[in-house]
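For reference, the structure discussed in these notes is given below.
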Ligand SMILES: C=C(O[C@@H]1C=C(C(=O)O)C=C[C@H]1O)C(=O)O
């Protein structure tokens with residue numbers, strides 16, 4: 021039976037949504053109620069789990085340390101480094117400013133989906149952790165640090181999240197100009213994209229936030245939507261954000277589709293509650309730090325933002341560091 025079980029960031033509660041038949045439901049206008057699971061490609065179907073049964077329960081997250089030694093997967097390095105070089109060359113031609121390039125990693129499975137999900141909740145308490153299953157779509161699991169959009173009445177919250185450094189206990193991250201500029205670019209772009217839908221909009225200064233084994237730079241963004249604007253318009257204005265696609269959006273998307281060596285499907289899509297609960301709130305997250313679970317293996321997805329200032333080797337290392345979040349629990 022289709023279901024999603026999830027824990028919101030920093031919460032001590034688990035929630036689950038079950039659909040009692042196996043129908044594949046699609047949300048067209050984000051007017052329905054339920055749990056949404058949408059792909060990266062805006063032309064693809066946004067899957068909806070109808071909340072026939074809803075369950076909530078207290079869940080004390082058992083905080084787990086990250087494994088001291090993780091075996092990173094070096095396969096595919098040359099292909100990914102070449103892709104990054106190609107991205108930098110394209111940016112130098114002047115049409116593209118930023119493009120997010122990604123890859124997938126196959127790892128044999130030794131644990132059940134539920135064990136993996138519980139371990140992710142323990143290692144990433146500040147993330148939105150989820151386990152999604154639909155017999156006609158597959159099984160996905162992740163712990164994402166990124167909110168796409170939250171809408172309550174007309175109040176909207178989102179964030180500009182970009183730039184990555186490894187987390188080292190007891191040390192504060194030292195951001196370089198590449199990272200600061202990259203995150204600033206994302207903030208400005210989100211501001212521009214939302215401008216026509218909002219009465220007013222505030223974008224906070226960037227702060228360092230921890231996501232499992234990593235640091236990111238984040239600015240919170242909030243505002244009030246114009247009376248005639250619905251969640252659908254806000255989502256369409258935001259997705260795909262430059263945090264996971266690039267700047268300008270159309271050019272970056274085209275470059276990704278043409279040059280990435282696989283189909284992203286639900287990685288860098290978005291998921292979460294749609295018009296949910298008594299107050300019909302929506303809270304959607306970007307599907308990052310995630311994996312697709314099959315019978316015998318897990319497919320992990322990782323990527324990073326490429327700008328003119330990117331160094332291909334460091335960008336490879338960044339995707340390796342991102343993969344630790346998932347490798348840690350497999
Ligand atoms: C694309 C990913 O993450 C995104 C890219 C980041 C970056 O380029 O530094 C940081 C956070 C996310 O917005 C990913 O985790 O796969």
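In this note's numbering, the protein residues as written are 21 to 350. Even for Gly, the Cβ is constructed at its ideal location relative to N, Cα and C.
- For residue 233, the closest alpha carbon among the candidates 147, 59, 25 is that of 147.
- Shown here, residue 249 sits in coil according to DSSP, grouped into three states, outside any helix or strand.
- Contact check between the region 53-73 and the region 115-130: fewer than three CB pairs, one atom from each, fall below 8 Å, which does not count as touching.
- In the displayed model, residue 319 falls within a strand according to three-state DSSP.
- For residue 35, the uninterrupted beta strand (DSSP E) run begins and ends at 33-38, by DSSP.
- Taking the C-beta atoms as reference points, residue 209 is found no nearer than 8 Å to residue 264.
- With a threshold of 16 other beta carbon atoms within 10 Å, residue 336 meets it and is buried.
- The DSSP-derived three-state label of residue 280 is coil.
- Distance from the CA atom of residue 320 to the CA atom of residue 313, rounded to whole angstroms, is 9 Å.
- Shortest gap from the CB of residue 74 to any heavy atom of ligand 1: 7 Å or more.
- Distance check between residue 244 and each of 237, 132, 254, 238 places 254 closest, using alpha-carbon atoms only.
- With respect to residue 230, residue 149 sits apart: the two C-beta atoms are not nearer than 8 Å.
- The residue among 215, 269, 180, 217 with its C-alpha nearest the C-alpha of residue 228 is 180.
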